[in-house]
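Novice: Residue numbering for the sequence shown follows UniProt numbering, beginning at 279 and increasing consecutively.
Yeah, the Cβ is synthetic: ideal placement off N, Cα and C, and Gly gets one too.
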Amino acid sequence: AVPLVVAISTSVSAQNGLLIRNRTAFENSRKITLMAFDKTGTLTKGNFGVTRFQSVQKEFSDQEILKLAGAVEAESEHPLAIGILDKVKEKDIELPEIKNFNALTGKGIEADVGEQKVKVVSPGFLKENNLEVPDGANQNEQETVVFLVVDNQLAGFIALADEIREESQEAVKILKENRMKIYMMTGDNEQVAKSVSEELGLDGYFAGILPDEKLEQVKKFQQQGEFVAMTGDGINDAPALATADVGIAVGSGTDVAAETADIILVNSNPKDIASLVLFGKKTHKKMI
Ligand code: ADP
Ligand code: MG
Numbered sequence: 279a280v281p282l283v284v285a286i287s288t289s290v291s292a293q294n295g296l297l298i299r300n301r302t303a304f305e306n307s308r309k310i311t312l313m314a315f316d317k318t319g320t321l322t323k324g325n326f327g328v329t330r331f332q333s334v335q336k337e338f339s340d341q342e343i344l345k346l347a348g349a350v351e352a353e354s355e356h357p358l359a360i361g362i363l364d365k366v367k368e369k370d371i372e373l374p375e376i377k378n379f380n381a382l383t384g385k386g387i388e389a390d391v392g393e394q395k396v397k398v399v400s401p402g403f404l405k406e407n408n409l410e411v412p413d414g415a416n417q418n419e420q421e422t423v424v425f426l427v428v429d430n431q432l433a434g435f436i437a438l439a440d441e442i443r444e445e446s447q448e449a450v451k452i453l454k455e456n457r458m459k460i461y462m463m464t465g466d467n468e469q470v471a472k473s474v475s476e477e478l479g480l481d482g483y484f485a486g487i488l489p490d491e492k493l494e495q496v497k498k499f500q501q502q503g504e505f506v507a508m509t510g511d512g513i514n515d516a517p518a519l520a521t522a523d524v525g526i527a528v529g530s531g532t533d534v535a536a537e538t539a540d541i542i543l544v545n546s547n548p549k550d551i552a553s554l555v556l557f558g559k560k561t562h563k564k565m566i
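1. Identify which residue in 553, 491, 524, 545 has its Cα closest to the Cα of residue 300.
2. For residue 319 and residue 476, I'd like the C-alpha separation in whole angstroms.
3. Name the DSSP beta bridge partners of residue 388, please?
4. Check for me: the alpha helix (DSSP H) holding residue 567 runs from which residue to which?
5. Can you name, in chain order, every residue of its own chain whose Cβ lies under 8 Å from the Cβ of residue 340, other than the five neighbours on each side?
6. What residue from 364, 306, 335, 349 has the CA that sits closest to residue 327's CA?
7. Residue 481: which of 315, 336, 338 sits nearest, CA to CA?
8. Counting C-beta neighbours from all protein chains within 10 Å, is the total for residue 457 16 or more, i.e. buried, or is it exposed?
9. Quick check on residue 549: buried or exposed, where buried means 16 or more other Cβ atoms within 10 Å of its Cβ?
10. Under the assumption that residue 508 contacts residue 526 (Cβ atoms under 8 Å), give the Cβ distance between them as a whole number of angstroms.
11. So which of 393, 407, 392 has the shortest CA-CA distance to residue 399?
12. With DSSP collapsed to three states, give me the class of residue 316.
13. By Cβ distance, which residues of its chain are closer than 6 Å to residue 567, with the 5 residues on each side in sequence left out?
14. Please list the terminal residues of the continuous alpha helix (DSSP H) segment that includes residue 452.
15. State the CB to CB distance for the pair residue 554 and residue 307, rounded to an integer number of angstroms; the pair is presumed to be in contact (CB under 8 Å).
16. My output table needs one value for residue 531: the three-state DSSP class, helix, strand or coil.
17. Quick one: using the 10 Å Cβ neighbour count with 16 as the cut-off for buried, is residue 438 buried or exposed?
18. Which residues in the same chain as residue 559 place their Cβ atom closer than 7 Å to its Cβ, once the five residues preceding and following it in sequence are excluded?
Put into structure tokens, the structure is as follows:
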């Protein structure tokens, strides 16, 4: 039978933007010693706006960079895709059709546009493929830069900026008061990760990491004796969420990550996690 206190707590937490899928995890939330947060869309708003876009090849105009990238991004639901498509709309650019869309896990996306193979990818992808970051595309700590690769040639880049959520600061404060270590794990670049981590006063961050590296890091933390909660979104984060002692899926409850998670964070608000932790402690006191 479900202990009454837990049943009540579960419905109370639903009003606080949390869906509890696994009661044990809820009871476990008071044991958490380390929180590993996602960056994009959790600690930050996830509302990327395009700040710059530029061609680095004479075959393409700047506008064409946006057009080709937009065509491929039209199939993606990534926050970066939404930012790029907003710009496409603002510029009234008509998008060509694409074929063979494919996600390059943790690195970007690709598709065929006419005869051309078009990729929109991370700085990490460029490095792996020995493509040089073009002049002017060096990101500052406010920008996330993605690169357009056409037929294996670097064609241009698009810079986007996101903002830290107002609630993140308070969530971090509450979690720290409860003696929790707080880390951020992100596929985004080093500079952005460092600046968000410093601004929020986190214990550390892991940047430019792939989903399976997130999983490995969760295991490492556990080997160090930590009781780990992790937030994540998308299909890619599902293995890491399943391995964490408390897996928290962010946002919509329809994807694979949500199915493997113990808890769903409905409004992607990190403050709701802080509430969960405090609430787990209170609930436990009532049971004993
Ligand atoms: P996060 O850990 O922040 O959720 P992801 O694994 O979703 O990161 O993405 C990691 C990186 O891969 C992004 O910062 C970006 O460089 C690239 N990327 C992923 N999806 C896309 C996309 N749809 N368009 C462009 N770049 C993408
Ligand atoms: Mg992601």
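Specialist: On the basis of the data shown:
1. In the sequence shown, counting from the first residue as 1, residue 300 sits at position 22. Among 553, 491, 524, 545, the Cα nearest to that of residue 300 belongs to 524.
2. The residue you call residue 319 lines up with position 41 of the sequence shown. The residue you call residue 476 lines up with position 198 of the sequence shown. So the two alpha carbons sit approximately 18 Å from each other.
3. As a working note, residue 388 is residue 110 in the sequence shown. Looking at the DSSP output, residue 388 sits in a beta bridge with 380, 397.
4. Nothing in the structure corresponds to residue 567, since the chain is present only between 279 and 566.
5. Working through the sequence shown from its first residue, we reach residue 340 at position 62. Excluding five sequence positions before and after residue 340, the CB atoms of its chain that fall closer than 8 Å to its own CB belong to 331, 332, 333, 434, given in chain order.
6. Numbered from 1 along the sequence shown, position 49 holds the residue referred to as residue 327. Among 364, 306, 335, 349, the Cα nearest to that of residue 327 is on 364.
7. Reading the sequence shown from its first residue, position 203 is the one you call residue 481. Here the closest residue by C-alpha is 315.
8. Translated into positions along the sequence shown, residue 457 becomes position 179. Exposed.
9. In the sequence shown, the residue the question calls residue 549 occupies position 271. Flag for residue 549 reads buried.
10. Here residue 508 corresponds to residue number 230 of the sequence shown, with the count starting at 1. Here residue 526 corresponds to residue number 248 of the sequence shown, with the count starting at 1. Taking 8 Å as the upper bound for CB-CB distance, residue 508 and residue 526 are in contact here, some 7 Å apart.
11. Working through the sequence shown from its first residue, we reach residue 399 at position 121. With distances taken between Cα atoms, residue 399 lies closest to 407.
12. Taking the sequence shown and counting its residues from 1, the one referred to as residue 316 is at position 38. Residue state, collapsed to three classes: strand.
13. No answer is possible for residue 567: the residues shown for the chain start at 279 and end at 566.
14. Here residue 452 refers to the residue found at position 174 of the sequence shown. In the DSSP assignment, residue 452 falls within the unbroken alpha helix (DSSP H) covering 444 to 455.
15. On the sequence shown, position 276 is the one that residue 554 refers to. On the sequence shown, position 29 is the one that residue 307 refers to. Residue 554 to residue 307, Cβ: 5 Å. Contact.
16. If you number the sequence shown from 1, residue 531 lands on position 253. Confidence in residue 531 is poor, its pLDDT being 47 and thus under 50, which makes the residue's placement too unreliable to answer from.
17. On the sequence shown, residue 438 is found 160 positions in, with the first residue counted as 1. With 16 or more Cβ atoms within 10 Å of its Cβ, residue 438 is classed as buried.
18. The residue labelled residue 559 in the question sits at position 281 within the sequence shown. Listed in chain order, the non-local C-beta contacts of residue 559 below 7 Å within the same chain comprise 308, local neighbours out to five positions each way being set aside.
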